[in-house]
Amino acid sequence: MKSIISTLSFIFTLACVGVFVSACASYTLEVKNVSLYNEGARILDSSKQKSKVRLEIGQGKVGGSSAIPLAIFVLAQNLSIHPVIFDRDNIRIYQNNKEIIPLSESEIKTDNYDFGSIVESYHLYVPPAPMPELPVGIPFIYRGYMGGFYVYDYMIISARERMQRQIQLDENRAKRAIIFASVLRKNTLESNAAPKGGFMLYAPNRLKNGAIKVEVSVGEERHSFELELRK
Numbered sequence: 023m024k025s026i027i028s029t030l031s032f033i034f035t036l037a038c039v040g041v042f043v044s045a046c047a048s049y050t051l052e053v054k055n056v057s058l059y060n061e062g063a064r065i066l067d068s069s070k071q072k073s074k075v076r077l078e079i080g081q082g083k084v085g086g087s088s089a090i091p092l093a094i095f096v097l098a099q100n101l102s103i104h105p106v107i108f109d110r111d112n113i114r115i116y117q118n119n120k121e122i123i124p125l126s127e128s129e130i131k132t133d134n135y136d137f138g139s140i141v142e143s144y145h146l147y148v149p150p151a152p153m154p155e156l157p158v159g160i161p162f163i164y165r166g167y168m169g170g171f172y173v174y175d176y177m178i179i180s181a182r183e184r185m186q187r188q189i190q191l192d193e194n195r196a197k198r199a200i201i202f203a204s205v206l207r208k209n210t211l212e213s214n215a216a217p218k219g220g221f222m223l224y225a226p227n228r229l230k231n232g233a234i235k236v237e238v239s240v241g242e243e244r245h246s247f248e249l250e251l252r253k
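So in the numbering used here, the last spot in the sequence shown is 253, and the numbers never skip.
Listed below in structure tokens is the structure:
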């Protein structure tokens, strides 16, 4: 009996160690076929007859002891004559032909992930909390960098410019608020209207070393991109 208990205890310990190691695994994020750079963020563009898609990736690290999620900012523009719906269901990522499920909004709000590293990857500084008498700012939604791809001059707003409005929130709440306010939600893409999009986030413990395939569908068209995680 003691032998069985010892064996089960050993197996349980190994399983816990495996989970801990997986959760703490640190990866370097590599991006293939970069179209351009904006303030250090890597931009990937894809154009088809009826749609355009842009990925923006600022971070270079995923995982680690602070649990940095993978953050992919996705923008889409509809060039067809009919409006199309664009939301989380239009973005899929795969590793070894297995789909990776994104973080839900409740997980983003409550789980202990390092969103600060994502914000800082855009070279932004969020100062300490203000004095109590100062008003608290409302999160300003980040809509991505649109220069050189979309013909909407008034919307050329980069990550830095979008996120600098958060300076009146305390540091941790501000960084989480910036990301939460900018996650991808359901949108209607009107014909030839301005692009819309948001962040998709993935828990580091759901990811592994190796290639990541990103597929973005807009209407009937599918755009593909490649990322790579390396230890």
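Don't be surprised by glycine CBs; every beta carbon is placed ideally from N, CA and C.
What is the residue span of the alpha helix (DSSP H) that residue i lies within?
i: residue 212; result: First-last for residue 212: undefined, no H or E at that position.
i: residue 61; result: Counting along the chain, residue 61 falls outside any alpha helix (DSSP H), and DSSP gives it neither H nor E.
i: residue 198; result: 193-203
Use the C-beta contact count for residue i: other C-beta atoms within 10 angstroms, 16 or more gives buried, fewer gives exposed.
i: residue 207; result: exposed
i: residue 136; result: buried
i: residue 139; result: buried
i: residue 245; result: buried
i: residue 133; result: exposed
i: residue 67; result: buried
i: residue 215; result: exposed
i: residue 242; result: exposed
i: residue 59; result: exposed
i: residue 74; result: buried
Secondary structure at residue i, three-state DSSP: helix, strand or coil?
i: residue 41; result: The predicted position of residue 41 is uncertain, since its pLDDT is 46 and thus under 50; a value taken from the coordinates is nonetheless stated next. Correct three-state label for residue 41: helix.
i: residue 136; result: coil
i: residue 71; result: coil
i: residue 88; result: coil
i: residue 246; result: strand
i: residue 227; result: helix
i: residue 126; result: coil
i: residue 158; result: Reliability of the predicted coordinates at residue 158 is poor, the pLDDT of 48 falling under 50, and no value is obtained from them.
i: residue 83; result: strand
i: residue 253; result: coil
Please list, in chain order, all residues of the same chain as residue i whose beta carbon is under 6 Å from its beta carbon, the five residues on each side excluded.
i: residue 231; result: 251 and 253
i: residue 97; result: 76, 166, 217 and 219
i: residue 122; result: 115, 224 and 228
i: residue 141; result: 197 and 200
Could you please give the first and the last residue of the uninterrupted beta strand (DSSP E) stretch that includes residue i?
i: residue 52; result: 48-53
i: residue 206; result: From DSSP, residue 206 is part of no beta strand (DSSP E); its letter is neither H nor E.
i: residue 110; result: From DSSP, residue 110 is part of no beta strand (DSSP E); its letter is neither H nor E.
i: residue 223; result: 218-224
i: residue 234; result: 232-240
Write down the C-beta distance between residue i and residue j rounded to the nearest angstrom, noting that I regard them as a contact closer than 8 Å.
i: residue 63; j: residue 80; result: 4 Å
i: residue 270; j: residue 237; result: Only positions 23 to 253 of the chain appear in the structure, and residue 270 is not among them; the question remains open.
i: residue 115; j: residue 234; result: 6 Å
i: residue 93; j: residue 221; result: 6 Å
i: residue 125; j: residue 83; result: So it is not a contact: roughly 17 Å between Cβ atoms.
i: residue 210; j: residue 107; result: 6 Å
By Cβ distance below 8 Å, which residues in the same chain neighbour residue i in space, the five residues on each side in sequence not counted?
i: residue 103; result: 213
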